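Just below is one structure, and these are the notes that go with it.
Number of protein chains: 2
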Amino acid sequence: KIPDETVRRLPQYLRAVSFVHKQGCKYVSSQELAERLHMKSPQIRKDLSYFGAFGVKGTGYPVETLLGRIREILKLNTPQKAALIGAGRLGKALASYPGFRLYGFDIVEVFDRSPRKIGRKIGGVEIKDVAHLGDLGKRGIRLALLAVPAGAAQEVAERLVEAGVRGILNLAPCYLKLPKRIKVVTIDIAMELGILPYYV
Amino acid sequence: KIPDETVRRLPQYLRAVSFVHKQGCKYVSSQELAERLHMKSPQIRKDLSYFGAFGVKGTGYPVETLLGRIREILKLNTPQKAALIGAGRLGKALASYPGFRLYGFDIVEVFDRSPRKIGRKIGGVEIKDVAHLGDLGKRGIRLALLAVPAGAAQEVAERLVEAGVRGILNLAPCYLKLPKRIKVVTIDIAMELGILPYYV
Ligand SMILES: NC(=O)c1ccc[n+]([C@@H]2O[C@H](COP(=O)([O-])OP(=O)(O)OC[C@H]3O[C@@H](n4cnc5c(N)ncnc54)[C@H](O)[C@@H]3O)[C@@H](O)[C@H]2O)c1
Ligand SMILES: NC(=O)c1ccc[n+]([C@@H]2O[C@H](COP(=O)([O-])OP(=O)(O)OC[C@H]3O[C@@H](n4cnc5c(N)ncnc54)[C@H](O)[C@@H]3O)[C@@H](O)[C@H]2O)c1
């Protein structure tokens, strides 16, 4: 089993190896990855060895193989359908963000509760009424991005779990209390900014 | 000196204590904070003891005092002026986000390079030409939010440092190579989403 810290670093390796791949390189050394990612190369070699990726001394890791292997571990080779809840300021930006494609994500459904927004489109997807989520799991949607106010996030998250969602990216500045089997990642942008003055 | 891990947790304590304060509570126990934040209460007691916050057995920590103390440590009592670079999809959402106020932040200047956008307003602030940053440090702007494409982020960040910025919240999916004295926090929203399928 791969340790959680290693899994958390895999997307960073994916980003760095994709970059090198786009530049046409066939091999990449752990040293080069270490410089790009500002990590230590022994750490990188150890992480990559968990899933059998072995570099050849003097030439490094074959880029195509490494890319395929990381994408396979992260389960990114199967297209990942996601639902976006909340078509406000942040939701609008997320709905049309092309950067999710690198990880194989596609926002296929958008929900909101405002009658003014339901029926309009953002990112090319029609906004539907959050009161009618239906069976998201049955439609192959196991992931959701939550961009609703903090006060609404817990209740909406519980309804998403009932509808079959198993992983949530929470952008509301609050903690979601959900069963252990649901994977939640919370990003609080204001909080990350709040750390800076201490160091400046 | 307060350890870095403790500093990173302070904004979470601030968020939880502000919530309890808004509800009118005068005291809060480390146990209640532990439940709200899903941390362990010995960890919370240890963190709070670094800056002399002592709870009274049976009643807990005085909420007003705790709030003041955390804000003081994080230097959030002095209004923090920030510049936003990039008035695109994400920049528009950030420019009018009221959530930065909890931490005392105000986006006072916005820059972009697109002639179409310069002169317009977002979040009530006029967009200026990124070619003329001027002396941000002299105008009391030591922090910046970077919402430009990844390919432009490094060059823009270097110019911000020359203009006097000392802390950067980077929202572009790339690593910024800057002198050690500059504090950089990078948030890669797509990458955080990219971790979910592994667990789902
Ligand atoms: N705007 C930003 O830049 C920014 C930055 C960091 C964090 N956030 C967080 O992201 C979330 C969204 O912020 P925003 O600025 O887009 O807010 P917003 O008010 O512009 O949008 C919120 C949207 O959620 C909808 N909504 C409210 N309750 C709902 C419910 N129960 N079910 C479904 N939809 C519901 C509203 O109709 C609205 O369209 C908030 O939690 C905010 O704190 C925003
Ligand atoms: N849209 C999202 O939801 C989202 C999510 C995660 C990360 N991001 C990241 O945030 C950044 C901005 O994304 P976006 O969707 O707002 O893109 P965008 O293309 O809508 O906006 C980018 C803005 O930056 C400006 N710009 C380009 N080069 C510049 C330079 N050298 N100096 C100043 N301004 C410059 C452009 O004129 C444009 O207004 C990107 O790095 C993106 O990967 C966006």
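Keeping their order, the protein sequence lines are chains A and B. Sequential numbering of the first sequence, starting at 1, is according to the numbering used here. Sequential numbering of the second sequence, starting at 1001, is according to the numbering used here. No residue lacks a Cβ here, since even glycine has one placed at the ideal position from N, Cα and C. From a predicted model like this one, the values you see are computed outputs, not experimental measurements.
Selection T186/A, R116/A, G123/A, G24/A evaluated against L146/A yields T186/A as nearest (Cα-Cα). Where A83/A is concerned, the enclosing beta strand (DSSP E) starts and stops at 80–85. Residues are counted here when their Cβ sits less than 7 Å from a Cβ of chain B; for the region 161–190 of chain A these are R166, G167, L169, P173, Y175, K183, V185, I187, I189, A190, given in chain order. Per the coordinates, the alpha-carbon of G1164/B lies some 10 Å from the alpha-carbon of E1158/B. Counting C-beta pairs with one atom in each stretch, the region 132–152 of chain A and the region 75–85 of chain A have three or more that are closer than 8 Å, which means they touch.
A contact between stretches requires three or more CB pairs, one per stretch, nearer than 8 Å, and the region 1106–1123 of chain B fails this requirement with the region 1043–1062 of chain B. For a cut-off of 8 Å, the C-beta gap from Y13/A to P62/A is around 14 Å, too long to register as a contact.
Counting along the chain, F1111/B sits inside no alpha helix (DSSP H); it lies in the beta strand (DSSP E) bounded by residues 1105–1112. Shortest gap from the CB of R1139/B to any heavy atom of ligand 2: 7 Å or more. In this structure, L76/A is the residue among I122/A, L76/A, E155/A, K117/A with its C-alpha nearest to the C-alpha of L1196/B.
The Cβ atoms of F100/A and I73/A lie no closer than 8 Å to each other. Listed in chain order, the alpha helix (DSSP H) elements of length 4 or more contained wholly in the region 1019–1106 of chain B are 1030–1037, 1041–1049, 1063–1073, 1089–1095. Rounded to whole angstroms, A131/A and R1089/B show a C-alpha spacing of 27 Å. Inclusion of A1152/B in the 7 Å shell around ligand 2 follows from its C-beta lying nearer than that to a non-hydrogen atom of the ligand. Relative to the non-hydrogen atoms of ligand 1, the Cβ of R113/A comes within a distance shorter than 7 Å of at least one. Those residues of the region 1057–1075 of chain B placed with their C-beta closer than 8 Å to a C-beta in chain A are I1073, L1074, K1075, ordered along the chain. Any Cβ of chain A closer than 8 Å to the Cβ of V1200/B would place that residue at the interface, and such an atom is present. Residue-level contact by beta carbon fails for E109/A and chain B, as no gap is shorter than 8 Å. Relative to the Cα of Q1031/B, the nearest Cα in the group R1116/B, G1060/B, A1152/B belongs to G1060/B. In the structure shown, L14/A adopts helical secondary structure according to DSSP, grouped into three states.
By the neighbour-count criterion, in which 16 or more other beta carbons inside 10 Å mark a residue as buried, F1111/B falls on the buried side. With a contact defined as Cβ atoms closer than 8 Å, G137/A and Y1199/B miss out at about 16 Å. Contact of F105/A with chain B is assigned, a C-beta pair being separated by under 8 Å.
Where I1002/B is concerned, there is no enclosing beta strand (DSSP E), because DSSP gives it neither an H nor an E. Listed as beta-bridge partners of E1126/B by DSSP are K1121/B. The nearest non-hydrogen atom of ligand 2 is less than 7 Å from the C-beta of Y97/A. Sequence-distant partners of K1092/B (beyond 5 residues in either direction) whose C-beta falls short of 7 Å from its own C-beta, in its chain, are I1122. For V1156/B, DSSP records no beta bridge to any residue. Taken through DSSP and simplified to helix, strand or coil, A190/A comes out as helix. Checking the DSSP bridge columns, you'll see G167/A partnered with L143/A, K183/A. Here the C-alpha atom of F54/A lies approximately 24 Å from the C-alpha atom of M1191/B.
Chain-ordered, the chain A residues with CB closer than 7 Å to the CB of R1008/B read I195.
Contact check for L1193/B and L169/A: beta-carbon distance about 5 Å, within the 8 Å limit, so the pair qualifies. Excluding sequence positions up to five before and after A1150/B, its CB lies within less than 6 Å of the CB of A1172, P1173, C1174, all in the same chain and listed in chain order.
Secondary structure at A150/A: helix, using DSSP grouped into helix, strand and coil.
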